[in-house]
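Engineer: Quick one: this structure, given as structure tokens, is what I'll be asking you about.
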Amino acid sequence: MAKKSEYRDLFPGALELMILQTLNRRPMHGYALAQHIKDISDDLLQIEEGSLYPALQRMLKTGWLESEMGLSARKRPVRVFKVTEAGRKHLEEELSSFEKMFAGINRVLAVAQS
Amino acid sequence: MNWLTQLFTRRRRYEELSATIREHLEEKIADLMDRGMTHDEAERTARREFGNITRIEERSREVWQWPTVESVLADLRFALRQLGRAPGFAATAFVVLALGIGASVAIFGFVDAALLEPLPYTQPNRLMAVAEKTATFPWGHLSYYDYQDWKRMNKSFSSLDVYGGSGYLLRTASGTVPVDAGRVSAGFFQTLGVKPMLGRAFLPGEDRPGQPKVVVLNYGTWLKQFGGRQDVVGQTVSLDNTAYTIIGVLPRSFSFALAGNAEFWVPINALSPHEQTRNFFNFFGVGRLRDGVTQQTAQAELTAIEKQLQNQYSNQGRNLTAQVIPLTEVFVGNVRPILLTLLGGAGLLLVIACVNVASLVLVRSESRRREVAVRGALGATRGRLVRQFAEEGLLIAAAGGLCGVLVGAALMRLLSQLVPKDMAAKMPFLDGVNLNAHTAGFVCIVAFGATLLLAGTSMARLSFQKVRDGLATGDRGSASRLWQRLGANLVVVELAIAVVLLAGAGLLGKSFYRLLHVPLGFDPNQVATLRVIAPDSISKDGKAQISEFSREIVERVKSLPGVESAGMTSLIPAQCDCMNDRIHFPSRPYHGERNDVDERHISAGYLPALRAALVRGRFFTEDDDGTKPGVAVINEALARKFFPGEDPLGQKIANDEGGRDTEWEIVGVVGDVHEGALDAPVAPTEYFPLSQTGDGSFTLVVRTRQHATALLPELVAMLHQIDPNLGVSDEGTLLAKVEGTQAALLHRFAAWLIGGFAGVALLLSVVGLYGVVAYSVSQRTREIGVRMALGAQRNAVYGLVMRQAGWLAVTGLALGLAGAVGVATLIRKMLFGVAAWDAVTLASVAAVLGAAAMAASFVPARRAASVDPVQALRSE
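Keeping their order, the protein sequence lines are chains V and Y.
Position 31 (the first sequence) corresponds to 57 in this note's numbering; numbering is contiguous.
Position 598 (the second sequence) corresponds to 646 in this note's numbering; numbering is contiguous.
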């Protein structure tokens, strides 16, 4: 629950973006998703596991995700989240605008440094 | 995405969400256990790393909710539960509001129908009623020739028409029935802007003499007499033994207040001999103003025309002017003051109801301080608390409003039925009194106001409060004393209003009593009356035949068992000052003064049958018939006005009877009989013998030894036996006719209604007073215990409590009396024979209130006096 103060808050939409990108590659259930993000980000991001759930519900509501029954790694029945067609489209748009923004910030910072 | 389906699947979503989170945790626990933790350690770690499960679940659920709506609904449910836990408060508040709202809705319904709804004509605000006016008769009708001249010469009106009341004998399958009718000029319906629903109205020129006889039907008559058949146009109907062709049927919404129950409408194409004089003012004028012309312009123009006409035709009084008044004013003018008074009374009742409920809320919020403080400590914002109180207020106001609507609807129906039939015919707006958009809007506004009031009082209590005070038990600080005083002060307001209403009711009641006890000058008890119209076959034949015929009727009537005496008159007393005459005196020079007097045509036995007092000379006898010179009997008022200090017997009056200057010798003076309306002073009156004036219709007046009502059917049967074509109508007793006049009815209505309001107001404010005193006692138990422990006697405690109540009552009384005098000045137009500051009424109101206040405070005082000091000191 405690967040280390040297880690900043995520900008709005970042969490959704990461979830969508992760689930786009492979549909997962909630715990697997949380583990995946933690492993890949190598602990650089401090995300509370539970905070995924409101984001997941929001995306379920807007229709970017859908849930269905599946099996976990331990062969238990779990609910698995999958990206929909609309979600995929949203993901592409968001990724491209995120990359543009990131590239722009980088350029400004590079110029400022030199 | 479709929010509607989302609503239904929400529960499933919540379950899925819980299940998903559960799975998450189980997986994590399993993983951690694989790494070597025990089950308990794993569970703790998993939960810790997950976060606050409840909070996360809530936040996830919120995604699917409309948070504002949800919390409002939750608050409403909570409010309902709270009210359920305090049923006494809820029931009292509900009943009080329902009564207050119901009464004011009912009265508002009447006010709306009479004053706010427009008349059923096109652009009714452009319609003016037109009359000739003198100082003595401020509202005189038009004479036909004057009307024609005005019509020709005026430029202010796009059309000007007249209406005259009339009656015919309708021949139906079951016999002859007298019916009311309207005689109008040809353009009457066009001027009003009324289009018949079948057929047509009159064409211009159809009102000239010699035109074919046509008639337009009333909607109700078309349904009743002609079965609502579509082919009724072109059929004939027999009125007064003449065939009239039906040319149209009026629409259902049509009404003309003066016409009352008129069933047939005919054009004026024949004038009676009276109407052929310029001096006989028989017609009611209606005109439509041209665009851009104002009422004042029209009045000025018509006055100028009138002066011109007077100079042309010198046999009119010199000071006739024109009067132009909006038509609506004429129709509802005399009802307006009473309706507004009633509205004021209902409004006051509503105020009392609201004040009562507000003080109830205040008292209750005292006992909820703890709850509010706890909620505040738990994190409720002020806005949230305010919203909750507002919703509680809304619930009570809505429930009270709904019930009030039902009460109001029932009251409206009840009151409409209390108005007698022929008065109701003259007030066609009564049909429109029911729940409609206006009354619904009124209820909404009132309920909204009540909600604001209730929420406001609860909230006002909030803002003065500190959380710590609320949580602390024991003695309260100064804030509480302030609120106690406020609660008490509100009761003073209630008491004051109750005093105002009581005083109003007392004054109106006294007015009514005075009205009914106006000295009549005759004995109205056990007298049967009915109206008789001689058939054309007899009235055509001339005065001698008519008087012979009417004499026969009186003789036959007198021969019936149980009849003491009988007579006939053209108009029974106490109705109105209609039937006027302008007289002059041959022995004096005449300069055109307007000597206007009431005129009545009576039979020889009439005044003795009424038991009127003979002051000088004699009454008429059978000898005074058409062969002898004209004789007259005058009343004392006429004698006083025109023959002061001299003997009127033997002197002559002259008037214009049917176009000819006629002289009448005064043979007797009768004690004033109240011919006009009860609330008007006795007008000078002249009486002529029927046998000399030759009226074809008259009212039969029969004094019976037993009950007058029992005789009526016999009378009617006997009259029909004499001649089946005789029109017999309006049977009733003289007493009922006197008490049923509009003046008497309005006063009775007003007195009863305001009396009802006053009763309810008194009850409510006494209950309020009781509540305040009882509450104060319960708060002061400790103090009383201390006093008694220190040696105060029971009497002292009684005195303590009742003194407090006494102060409240006295203050309320003082305010109320001042207010009562003020209000009475406002309604003084409706008071008759009673001054606005009538000392007896005010004193009795004070006594009533004093007694009620004493009674209300007695019970709490007794409870206070029986406090056990030990118990009181122990309680916290």
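Heads up, the beta-carbon is just placed ideally off N, CA and C, and yes, glycines get one too.
Let's see if you can read the secondary structure: which residues bound the alpha helix (DSSP H) around Lys181/Y?
Structural biologist: Looking at the DSSP string, Lys181/Y is not in any alpha helix (DSSP H); the run it does join, the beta strand (DSSP E), is 175 to 181.
Engineer: By a C-beta neighbour count over all protein chains shown, 10 Å radius and 16 as the cutoff for buried, is Asp926/Y buried or exposed?
Structural biologist: No answer is possible for residue 926/Y: it lies beyond the span of chain Y, which begins at 49 and ends at 924.
Engineer: Could you check whether Pro917/Y and Ala837/Y sit closer than 8 Å to each other, using their CB atoms as the reference points?
Structural biologist: For Ala837/Y and Pro917/Y, yes; Cβs fall inside 8 Å.
Engineer: Can you list the beta strand (DSSP E) stretches of 3 or more residues lying completely in the stretch 34 to 120 of chain V, in chain order?
Structural biologist: Listed in chain order, the complete beta strand (DSSP E) runs (minimum 3 residues) inside the stretch 34 to 120 of chain V are 91 to 97, 103 to 109.
Engineer: For Gly456/Y, count neighbouring C-beta atoms within 10 Å of its own C-beta (all shown protein chains included) and say buried if the count is 16 or more, exposed if not.
Structural biologist: Buried is the call here.
Engineer: Arg114/V touches chain Y at which residues, Cβ-Cβ below 9 Å?
Structural biologist: Correct list: empty, because the minimum Cβ distance to chain Y is about 17 Å.
Engineer: Check whether the stretch 573 to 585 of chain Y and the stretch 882 to 899 of chain Y are in contact - that is, three or more C-beta pairs closer than 8 Å.
Structural biologist: No: fewer than three Cβ pairs fall under 8 Å.
Engineer: CB Leu398/Y to CB Val494/Y, shorter than 8 Å?
Structural biologist: Contact flag set, yes.
Engineer: Taking the alpha-carbon of Val645/Y as reference, which of Lys689/Y, Ala660/Y, Val611/Y has the nearest alpha-carbon?
Structural biologist: Looking at the Cα atoms, Lys689/Y is the closest of the given residues.
Engineer: Which residues does DSSP pair with Trp313/Y in a beta bridge?
Structural biologist: Its beta-bridge partners are Gly230/Y, Val264/Y.
Engineer: Measure the alpha-carbon distance for Gly522/Y versus Ala536/Y and round it to whole angstroms.
Structural biologist: With a pLDDT of 49 at Gly522/Y, under the threshold of 50, the modelled position of this residue cannot be trusted; read the value that follows with caution. Taking the straight line joining both Cα atoms gives about 22 Å.
Engineer: Classify Ala146/Y: buried if its beta carbon has 16 or more other beta carbons within 10 angstroms, exposed otherwise.
Structural biologist: With 16 or more Cβ atoms within 10 Å of its Cβ, Ala146/Y is classed as buried.
Engineer: Determine the DSSP secondary structure at Asp709/Y, reduced to helix, strand or coil.
Structural biologist: Reduced to three states, the DSSP call for Asp709/Y is strand.
Engineer: Within 8 Å (strictly less), CB to CB, does Trp114/Y reach chain V?
Structural biologist: By this cut-off, Trp114/Y is not an interface position.
Engineer: Using a Cβ-Cβ cutoff of less than 6 Å, which residues in the same chain neighbour Leu217/Y once the five nearest sequence positions on both sides are dropped?
Structural biologist: Cβ neighbours of Leu217/Y beyond the five flanking positions: Thr224, Pro226, Asp288, Gly775.
Engineer: Decide if Gln790/Y is buried, meaning its Cβ has at least 16 other Cβ atoms within 10 Å, or exposed.
Structural biologist: Buried.
Engineer: So Tyr211/Y and Val334/Y are supposed to be a Cβ contact under 8 Å. How far apart are they, rounded?
Structural biologist: The pair is a contact, with the Cβ atoms about 7 Å apart (cut-off 8 Å).
Engineer: Is the Cβ of Lys101/V closer than 8 Å to any Cβ of chain Y?
Structural biologist: So, not an interface residue.
Engineer: When DSSP labels each residue in this structure, what does Gly742/Y get in the three-state scheme?
Structural biologist: It is coil, neither helix nor strand.
Engineer: Across the stretch 765 to 784 of chain Y and the stretch 632 to 652 of chain Y, are there enough close Cβ pairs to call them in contact, namely three or more that are closer than 8 Å?
Structural biologist: No: the two stretches stay apart, fewer than three of their Cβ pairs being nearer than 8 Å.
Engineer: Using the rule of at least 16 other Cβ atoms within 10 Å of the residue's Cβ for burial, across every protein chain shown, is Ala28/V buried or exposed?
Structural biologist: In this prediction, Ala28/V has a pLDDT of 46, which is less than 50 and means its spatial position is unreliable; what the coordinates show is noted afterwards. Exposed, by the Cβ-count rule.
Engineer: Kindly indicate if chain V contains any beta-carbon less than 8 Å away from that of Leu80/Y.
Structural biologist: No, Leu80/Y does not count as interfacial toward chain V.
Engineer: Measuring alpha carbon to alpha carbon, tell me which residue in Ala40/V, Glu42/V, Ile45/V, His55/V is nearest Lys101/V.
Structural biologist: When each option's Cα is compared against that of Lys101/V, the closest is His55/V.
Engineer: Helix, strand or coil for His189/Y? Go by DSSP, reduced to three states.
Structural biologist: Reduced to three states, the DSSP call for His189/Y is coil.
Engineer: Under 7 Å: does the beta carbon of Pro772/Y sit that close to some heavy atom of the ligand NAP?
Structural biologist: The ligand NAP is not part of this structure, which contains no ligands at all.
Engineer: When the distance is taken between beta carbons, is Leu563/Y closer than 8 Å to Ala792/Y?
Structural biologist: A contact, by the Cβ cut-off of 8 Å.
Engineer: Which two residues bound the contiguous beta strand (DSSP E) that contains Gln371/Y?
Structural biologist: 369 to 374 is the extent of the beta strand (DSSP E) around Gln371/Y.
Engineer: Between the C-alpha atoms of Ile601/Y and Ala161/Y, what's the straight-line distance to the nearest angstrom?
Structural biologist: Taking the straight line from one Cα to the other gives about 45 Å.
Engineer: Is Thr669/Y buried or exposed, if buried means 16 or more other CB atoms sit within 10 Å of its CB?
Structural biologist: So Thr669/Y ends up on the exposed side.
Engineer: Could you tell me which chain Y residues have their CB closer than 7 Å to the CB of Gln47/V, listed as they occur along the chain?
Structural biologist: The premise fails here: Gln47/V is roughly 20 Å from chain Y at the closest Cβ pair, so nothing lies under 7 Å.
Engineer: Given a cut-off of 8 Å on the beta-carbon distance, is the pair Leu874/Y and Leu543/Y in contact?
Structural biologist: Their beta carbons are not under 8 Å apart, which means Leu874/Y does not touch Leu543/Y by this criterion.
Engineer: Which residues mark the beginning and the end of the alpha helix (DSSP H) in which Tyr654/Y is found?
Structural biologist: Its alpha helix (DSSP H) spans residues 654 to 658.
Engineer: On the three-state DSSP scale, how would you describe Ser207/Y?
Structural biologist: Strand at Ser207/Y.
Engineer: What residue range does the alpha helix (DSSP H) around Leu408/Y cover?
Structural biologist: Counting along the chain, the alpha helix (DSSP H) containing Leu408/Y begins and ends at 384 to 415.
Engineer: Tell me, please, whether the CB atom of Glu75/V is closer than 8 Å to any CB atom in chain Y?
Structural biologist: Output row for Glu75/V: interface = yes.
Engineer: In this structure, does DSSP put Asn643/Y in helix, strand or coil?
Structural biologist: DSSP places Asn643/Y in coil when its eight states are reduced to three.
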